[in-house]
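J.: Protein chains in written order, with this note's numbering: chain A, 1 to 650; chain B, 1001 to 1343.
Ideal Cβ positions, reconstructed from N, Cα and C, are used throughout, including at glycine.
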Amino acid sequence: MPKITRITRLGRQTQMGLLLLLMGGAITLAQAYLPDFLHRLPSWSDLWAAGLDRFFSWVQNDLGLIYVTRAIAGWLGFLIDAAANILYGKSRWPRIDALPWSAVTALVALMGWYLGGWRLALLGGFSLFWTAMVGQWKWTMETMSVIVVAAPLGFLLGLGLGIASWKWARFEAALRPILAILQTLPFFSYLLPAVIFFKVGPTAASVATIIYAMPPMILMTALGLKQVPQEVVEAGKMSGCTRWQMLVRVYLPSARTELLVGLNQVIMLSLAMVVLTSFIGMPGLGAKLLVMMNSFKLGHSFEIGITIVLLAATLDRLSKAWVVKQPKHFAKGTPWWQRHQAWLICLGVFVFFMLMAQIFPFLNQISRGDSFSVGKELDVLIKAFLGLGFVQVITGSIRWFFNIWVLVPTEQGILYLPTFAVIFIVSGLSWLLGGWRSGVIGFVFFTGVAVLGWWDRAMLTLHATLTATLLAMLLGMPLAIWAARRKRRSEVMILICDIAQTFPSFIYLLPAIMLFGITPITVILAILIFTMVPIVRYTVEGLRGVSPEITEAADMSGATRRQKLWYTQLPLAMPTIAVGLNQALMFAFFMVIIAAFIGTRDLGQEMQRTLAGTHLGKNFTLGFSVVLIALTFDIAINAWAEKRRKILGL
Amino acid sequence: MPQTPIISCRNLWKLFGANPEAYLTKMPPGHSYEQILADKYIAGVKDVSLDVHKGEILVIMGLSGSGKSTLLRCMTRLHSITGGAILIEGQDITNLEERGLIELRRSKMGMVFQSFGLLPHRTVLQNVAFPLEMRGQSKHDCRARGLEMIKLVGLEGREDYFPRELSGGQQQRVGIARSLAIEPDIWFLDEPFSALDPLIRREMQDEFLRLQAMLHKTIIFVTHDFNEALRLADRIAIMKEGAIEQCDTPDQIVLKPATEYVSKFTEEVEKSRVIHAETLIDPKLKATRNPVAAHATIHAIAQRIVEDDTAAIAVAREGKIIGAMPRQAAFDILMGRGDAQNN
Ligand SMILES: Nc1ncnc2c1ncn2[C@@H]1O[C@H](COP(=O)(O)OP(=O)(O)OP(=O)(O)O)[C@@H](O)[C@H]1O
Ligand SMILES: [Mg+2]
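As structure tokens, then:
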């Protein structure tokens, strides 16, 4: 009897979750006796692909979408050509020579100085100076030519959609699920449609970039507009503003901070995506990095990596400085040249360097031959280091240990599980975490994955992300707990995470490839490093966010440090940590797909193959498999964090 | 009064909730605040009828959540109106459409806000000139008029500052200048000085009285500070749960609080500093010798009341005797003895 009372006390949610888990276990144990379809569903993947292909071709040709996209491609191409011409002299419209590197560098340095003083001047100036010196100016400008077109367009489109979703609740309700899908859609699924509708190259790259970079801008715009203080709105109305005047003169300027934060995110995501568009033939830093990594030229890869990192840091810091820069008044009677000092200095310096570049060609262009690149030497150095006896022993034994003891057994295990066992287990876990809605969603979504027909590959993707994220937690949480003990330490840690988070994801592959070459461990390591960032960051923030009164109360109750951590700090920080974990998982799904070119066997690999052809249908079934898996986790974890937060009254 | 009131509220209702209009038409008359609340509606304004006349300062006063701001926002049509009507200078604005409202606000209304409601990205001058700009006035006009207003509120030399570079009191001066820029006939102020510390508040009240002495606007002033209400008001409307409990001159409210709720406010007040001689005039009494001024507070003529030994003291306005007041009543007020004898 006591057993029964205990079970009833467990509560509906727990009961149901456990029941589902049990069913998953039962199916696994009994799989030898079960019909085949419970073990693996027959694969319908070709069916879906063909159906989708037919649908897309109908949209493209019969509905005439192709004409729309051609028109857009024309305009975009025009803009990109203009930017390319000005930045690196690609001789089409308007046939101006490339700007001298020295003039651009000086301008960026001055911009940094204006926005944030000498530190930012140094950062901006040095980044571009380095780029020119190592002979990567042209590649960088190829990359930038897409960003300078895509980022403003992404900003404007995001702004428009954000305003619309703020104005019409219906529109927002319709937009929200689309944004959720867009944010989990693997980037290969952005690339292929872009290629098909916009041809290979910069135009397709910028379309993919715009779509990829837009969602946060939409959210920030809506958020900023909602946060405009009621009284400011009323003041506008009482001043007799028309609706248009309200929007342009009151709402948008008052939401300046959020809009600029949105712009910052658009820029950073543009950079991240533009680097990745190398997969669809976009020239620039990403393409070079891809080539160098593929041919294992570590020295050059390393140099390009540094350029990308510097570029990211510059773009991020400058745009963030713009967010906090507030207008200041001038004293009365300030002459006009002092009021416009910054512009005048910029103009002067620019003209100066333009002239100097005519006299000294070195200040104009630096070709690869003249550059100070030490890629070859670095390559020899790195390879020599990796070839050292003890280094090889270390990397070799790590590789051996992980392969034999971690990766292979768990991979075998997850493939051994029958499809329906996995579905039940996932849905049971989601149910335990987030309640019935999450449980049902988990069930439906994972059944969807099974029906889409790429089950084994999906399981490999899931395996890689889960393993890497768990490892990242094992390493990251202790580190974060250690850092959170002291104020200074946690500030430094958060700063590091902040900077690391601005790096395009591609960069994280670099150290992994350097250490382990092109092997399965490399993928895991790349994901691990990438996902450590949000885990550490949110854990530190969660722990530091616990109010000092509570920890003091624990101290006064005579708790030891460990007790304090386990009984007060961690439970209170858990909702925040869960958000970090969720972000880490999303990052992991992103990374595992990128890592496909290393030679994985999962969904990403198959997706990358579709890029070569025009298998849009197949690409989308693969993409949606990833979306379904990622959204299951996203929904369950968020539901859990939300509930905890309510219970804890945060 | 023969003149049409500037603002006239007739059985005004404002309900917050899912479908207030439908609910109000179905609602049985005489429903109490709690009964309405039980039906999941909040009565922001509950059956308010009120006239405001030209050049008058009407202070709306009440505890937090009593519906002061809501009433004010109904008058400016920042809120839509659930029931009843509002007339501005005889024109019914209850259902005025957007174009008309904009026109009305551009020509007749000015409003000052508790947290100032300044546009953070605009300089002082640009903030003040904002309503003019919205009207489409020329740059030169905007600037000239803006500077004039800035001078009026004593902020010369700060016209190029941004709001965040100013103190609270200075920011509210900007708010005041902005609300006066279009030369409105009606001036709405929603707790304009509540966010300021007591010393500055006092200074701003003086400033307000100085401006009103020059401009003679019709004013609706919201506050929850009873002393502020007494200082500034021609009439005070005291609100509770969306309804007006009493609307009268400060003297009468202090002298004869209509309800317990009202007398709670008056208890702490030193009545002799509020009540004027003319308020106490009793038509049955007669006196001619040595009159006191009608607009003098009892406190101001304290010595006279204490030293005089007659039963009635003559009261005069501009040298003309207009009646007499009972000395005993005045004495009681002076001594802080309740209003029992007066009623
Ligand atoms: N937009 C709204 N939606 C729903 N309820 C509202 C809204 N605005 C006000 N209320 C409610 O109406 C009632 C009156 O609010 P109001 O703001 O008029 O009070 P107040 O007297 O101005 O108080 P305070 O001194 O705090 O400003 C309150 O109970 C408030 O919760
Ligand atoms: Mg209020």
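Pick helix, strand or coil for A:W168, following the three-state DSSP scheme.
T.: Start at 1 with the first residue of the first sequence, and residue 168 of chain A comes out as number 168. Coil, per DSSP.
J.: How would you list, in chain order, the residues of chain B whose beta-carbon sits under 8 Å from the beta-carbon of A:E258?
T.: Against the first sequence, residue 258 of chain A aligns to sequence position 258. Chain B residues near A:E258: none, gap ~13 Å exceeds 8 Å.
J.: Check whether the stretch 439–455 of chain A and the stretch 501–515 of chain A touch, using three or more Cβ-Cβ pairs below 8 Å as the test.
T.: no
J.: Looking at ligand 2, does it come within less than 6 Å of B:S1194, judged from the CB to the closest heavy atom?
T.: For this step, residue 1194 of chain B is matched to residue 194 along the second sequence. B:S1194: no, Cβ never under 6 Å from ligand 2.
J.: Taking its Cβ as the centre, do 16 or more other Cβ atoms sit within 10 Å of B:S1080, making it buried, or is it exposed?
T.: For the purposes of this step, residue 1080 of chain B is taken as the residue at position 80 of the second sequence. Classification of B:S1080: exposed, given that the 10 Å Cβ count is below 16.
J.: In or out: A:W454 buried (at least 16 other Cβ within 10 Å) or exposed?
T.: Walking along the first sequence from the start, residue 454 of chain A turns up at place 454. Buried.
J.: Do B:K1068 and B:I1057 have their C-beta atoms within less than 7 Å of each other?
T.: Indexing the second sequence from 1 puts residue 1068 of chain B at position 68. Indexing the second sequence from 1 puts residue 1057 of chain B at position 57. Against a cut-off of 7 Å, the Cβ pair of B:I1057 and B:K1068 comes out as no contact.
J.: According to DSSP, simplified to helix, strand and coil, what is B:K1054?
T.: Here the question's residue 1054 of chain B lines up with position 54 in the second sequence. Residue state, collapsed to three classes: coil.
J.: Spatial neighbours of A:F443 within its chain, please: C-beta separation below 7 Å, excluding the five flanking residues on both sides.
T.: In the first sequence, residue 443 of chain A corresponds to position 443, counting from 1. Same-chain partners within the cutoff: I423, S427.
J.: Residues of chain A with CB closer than 9 Å to the CB of B:F1016, please, in chain order.
T.: Sequence index remark: in the second sequence, residue 1016 of chain B carries index 16 (1-based). Near B:F1016 there are no residues of chain A at all, since even the closest Cβ is about 14 Å away, more than 9 Å.
J.: Please return the same chain residues whose Cβ sits closer than 8 Å to the Cβ of B:N1011, not counting the five positions on each side in sequence.
T.: Looking up residue 1011 of chain B in the second sequence gives position 11. Taken in chain order, the residues that qualify are D1047, V1048, S1049, G1083, G1084, A1085.
J.: Can you tell me where the beta strand (DSSP E) holding B:D1248 begins and where it ends?
T.: On the second sequence, residue 1248 of chain B is found 248 positions in, with the first residue counted as 1. For B:D1248, the uninterrupted beta strand (DSSP E) run begins and ends at 1243–1248, by DSSP.
J.: Less than 6 Å separating the Cβ of A:S427 from some heavy atom of ligand 2?
T.: As a working mapping, residue 427 of chain A is identified with position 427 in the first sequence. For ligand 2, no non-hydrogen atom lies closer than 6 Å to the CB of A:S427.
J.: With contact counted as at least three CB pairs below 8 Å, one residue from each stretch, are the stretch 238–258 of chain A and the stretch 1117–1136 of chain B in contact?
T.: yes
J.: If distances are taken between C-alpha atoms only, which option among A:F198, A:M144, A:F353 comes closest to A:A106?
T.: In the first sequence, counting from the first residue as 1, residue 106 of chain A sits at position 106. It is A:F353 whose Cα lies nearest to the Cα of A:A106.
J.: Name the residue from A:I425, A:A612, A:I308, A:V228 whose alpha carbon lies nearest to the alpha carbon of A:G17.
T.: Counting from 1 along the first sequence, the entry for residue 17 of chain A is found at position 17. It is A:I425.
J.: Any beta carbon of chain B sitting closer than 7 Å to that of A:H329?
T.: What you label residue 329 of chain A is simply residue 329 of the first sequence in a count that begins at 1. For A:H329, the answer is yes, since a Cβ of chain B falls inside 7 Å of its Cβ.
J.: Report all residues for which the CB-ligand distance to some heavy atom of ligand 2 is below 7 Å; order them along the chain.
T.: Output, sorted by chain position: B:K1068, B:S1069, B:Q1114, B:D1190, B:E1191, B:V1222.
J.: For B:M1134, return the contacting residues in chain A, with the cut-off set at a CB-CB distance below 7 Å.
T.: In the second sequence, counting from the first residue as 1, residue 1134 of chain B sits at position 134. Neighbours of B:M1134 on chain A, chain order: S239, G240, C241, Q245.
J.: Is B:Y1161 near A:H329, with beta carbons less than 7 Å apart?
T.: For the purposes of this step, residue 1161 of chain B is taken as the residue at position 161 of the second sequence. For the purposes of this step, residue 329 of chain A is taken as the residue at position 329 of the first sequence. It is a contact, given that the beta carbons lie within the stated cut-off.
J.: So what's A:A499 in DSSP terms, helix, strand or just coil?
T.: Translated into the one-based positions of the first sequence, residue 499 of chain A becomes position 499. First, the amino acid is wrong: residue 499 of chain A is Ile here, not Ala. Looking at A:I499 - three-state DSSP - the assignment turns out to be helix.
J.: If you measure beta-carbon to beta-carbon, which residues of the stretch 1077–1090 of chain B are closer than 7 Å to chain A?
T.: L1078
J.: Tell me the rounded alpha-carbon separation between A:Y508 and A:M217.
T.: For this step, residue 508 of chain A is matched to residue 508 along the first sequence. For this step, residue 217 of chain A is matched to residue 217 along the first sequence. Answer to the nearest angstrom: the Cα atoms are 25 Å apart.
J.: Measuring alpha carbon to alpha carbon, tell me which of A:D379, A:G649, A:D370, A:A554 ends up nearest A:Q136.
T.: The sequence position of residue 136 of chain A within the first sequence is 136, counting from 1. Looking at the Cα atoms, A:D370 is the closest of the given residues.
J.: Under the rule that 16 or more other beta-carbon atoms within 10 Å means buried, what is A:S102, buried or exposed?
T.: For the purposes of this step, residue 102 of chain A is identified with residue 102 of the first sequence, where counting begins at 1. Buried, because 16 or more other Cβ atoms sit within 10 Å of the Cβ of A:S102.
J.: Just by C-beta distance, which residues in the stretch 332–346 of chain A are closer than 8 Å to chain B?
T.: K332
J.: Taking only three categories from DSSP, how would you classify A:P100?
T.: Here residue 100 of chain A refers to the residue found at position 100 when the first sequence is read from its first residue. Coil, per DSSP.
J.: With a threshold of 6 Å (Cβ to nearest heavy atom), would B:G1044 be considered close to ligand 3?
T.: As for ligand 3, it is missing from this structure, which binds only ligand 1 and ligand 2.
J.: Please report the residue range of the alpha helix (DSSP H) in which B:L1096 lies.
T.: Here residue 1096 of chain B corresponds to residue number 96 of the second sequence, with the count starting at 1. First-last for B:L1096: undefined, no H or E at that position.
J.: Taking 6 Å as the cut-off, is the beta-carbon of A:H340 closer than that to any non-hydrogen atom of ligand 1?
T.: Your numbering for residue 340 of chain A matches position 340 in the first sequence. Incorrect: A:H340 has no Cβ contact closer than 6 Å to ligand 1.
J.: Taking just the CA atoms, how far does A:L650 sit from A:I7?
T.: Numbered from 1 along the first sequence, position 7 holds the residue referred to as residue 7 of chain A. Numbered from 1 along the first sequence, position 650 holds the residue referred to as residue 650 of chain A. Annotation note: pLDDT 45 at A:I7 (below 50); position unreliable, no value reported.
J.: Does at least one heavy atom of ligand 1 sit under 6 Å from the Cβ of B:G1083?
T.: Indexing the second sequence from 1 puts residue 1083 of chain B at position 83. For ligand 1, not one heavy atom lies less than 6 Å from the Cβ of B:G1083.
J.: For a quick check, are the C-beta atoms of B:L1189 and B:F1221 less than 7 Å apart?
T.: The count along the second sequence starts at 1 and reaches residue 1189 of chain B at position 189. The count along the second sequence starts at 1 and reaches residue 1221 of chain B at position 221. Taking 7 Å as the Cβ cut-off, B:L1189 and B:F1221 qualify as a contacting pair.
J.: In the structure shown, what three-state DSSP assignment does B:H1276 receive?
T.: As a first step, residue 1276 of chain B must be located in the second sequence, where it is residue number 276. B:H1276 falls in the strand class under three-state DSSP.
J.: On a Cα-Cα basis, can you pick out the residue from A:V250, A:I267, A:H615 that is closest to A:I210?
T.: Translated into positions along the first sequence, residue 210 of chain A becomes position 210. Among A:V250, A:I267, A:H615, the Cα nearest to that of A:I210 belongs to A:I267.
J.: Cβ of B:S1064 versus every heavy atom of ligand 1: is any distance shorter than 6 Å?
T.: Locating residue 1064 of chain B in the second sequence gives position 64, where the first residue counts as 1. Result yes, Cβ under 6 Å from ligand 1.
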